[in-house]
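For what it's worth, this note's numbering labels the leading residue of the sequence shown as 1, then goes sequentially.
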Amino acid sequence: MGFEETKTAPRRRDRVRTRTALLDAAAKVFADKGFAAATLDAIAESAGFTRGAVHHHFGSKEELFLAVIARRDGELLASYEPLLAGSLPPDVQANAEQWRKLHASDRLDTLLRLELRLLALRDDEIRPQLIAVDREATSATAARLAEVAISHDVSWRYQPDQIATLLHLVSGSLRVRAALGEPDTVALMETFLRLVWASAIEPSTQRAGPAARQAPNA
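This is the structure in structure tokens:
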């Protein structure tokens with residue numbers, strides 16, 4: 001390892017730590033105050049840095065907000081990986097319990113999701129970027145569902161992107177319901193998951209195309 005690499009590694013780690021601290025602080029400030037009322041000064045102060053540090057890592061408040069959402073989306077998808085890596089369909093009770101742990105009591109995430117949609121509805125200029133972040137999360141889920149089906153030699157009766165979109169939409173609605181204090185959200189999520197896994201998966205042999213079904217005898 002050269003001298004320059006030795007000097008660069010600590011700086012890179014410092015940048016990663018600073019960015020992580022800013023994202024942590026921004027998530028809380030955006031959730032507590034809302035996007036419009038949140039300021040870069042408040043976020044910098046909460047993270048223990050100057051406003052200059054924020055500008056060094058993020059070009060604008062909008063870019064910082066999008067980065068907060070994108071990071072949380074990645075973390076959430078990774079949190080479901082142990083379930084997807086097991087049997088398919090996954091254990092519904094375990095799936096619903098994981099949802100409860102990740103979402104039912106996470107008021108911060110619920111507030112951030114609501115801010116995302118409110119901002120998209122109110123701001124015509126940033127709306128495409130906000131929608132893109134939302135769709136990227138759904139696409140990542142759909143891609144993982146497609147991979148899991150292949151690894152288990154099963155097929156989806158419906159397009160994985162439609163299934164992923166429904167999973168995200170229902171989860172989002174139930175998170176709001178949980179934040180409002182409704183006690184039945186986990187049971188509703190479990191029922192929804194049972195419906196999805198029971199109706200959406202079939203053996204790959206049942207998905208043979210018309211050409212395969214109509215192949216002439218040898």
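Cβ coordinates follow ideal geometry from the N, Cα and C atoms, glycine included.
- Message: Can you tell me whether Asp109 is buried or exposed? The criterion is at least 16 other CB atoms within 10 Å of its CB, across all chains shown.
- Response: Here the question's residue 109 lines up with position 109 in the sequence shown. With 16 or more other Cβ atoms within 10 Å, it is buried.
- Item | Under 8 Å between C-beta atoms of Thr50 and Ala42 | Translated into positions along the sequence shown, residue 50 becomes position 50. Translated into positions along the sequence shown, residue 42 becomes position 42. Going by C-beta atoms, Thr50 is not nearer than 8 Å to Ala42.
- Message: Can you confirm whether the region 124-136 touches the region 59-67 when touching is taken to mean that 3 or more C-beta pairs between the two stretches lie within less than 8 Å?
- Response: They touch, by the three-pair rule.
- the region 54-62 / the region 73-87 touching (three or more Cβ pairs under 8 Å): Cβ pair count under 8 Å is below three, so no.
- Message: To the nearest angstrom, how far is the alpha carbon of Ser151 from that of Ser87?
- Response: Locating residue 151 in the sequence shown gives position 151, where the first residue counts as 1. Locating residue 87 in the sequence shown gives position 87, where the first residue counts as 1. Pairing Ser151 with Ser87, the inter-Cα distance amounts to about 10 Å.
- Helix, strand or coil: which one does DSSP assign to Pro82? By one-based count along the sequence shown, residue 82 stands at place 82. In the structure shown, Pro82 falls within a helical segment according to DSSP collapsed to helix, strand and coil.
- Message: Please give me, in chain order, every unbroken run of the alpha helix (DSSP H) with length at least 4 that falls completely inside the region 29-57.
- Response: Correct list: 40-47 and 51-57.
- Message: Could you tell me the alpha carbon to alpha carbon distance between Ser22 and Val29, rounded to whole angstroms?
- Response: Indexing the sequence shown from 1 puts residue 22 at position 22. Indexing the sequence shown from 1 puts residue 29 at position 29. Here residue 22 is Leu; the residue named in the question, Ser, does not match the sequence. Near 10 Å, if we compare the C-alpha coordinates of Val29 and Leu22.
- At what residues does the alpha helix (DSSP H) containing Glu190 begin and finish? Residue mapping note: residue 190 aligns to position 190 of the sequence shown, counting from 1. Thr185 to Ala200 is the extent of the alpha helix (DSSP H) around Glu190.
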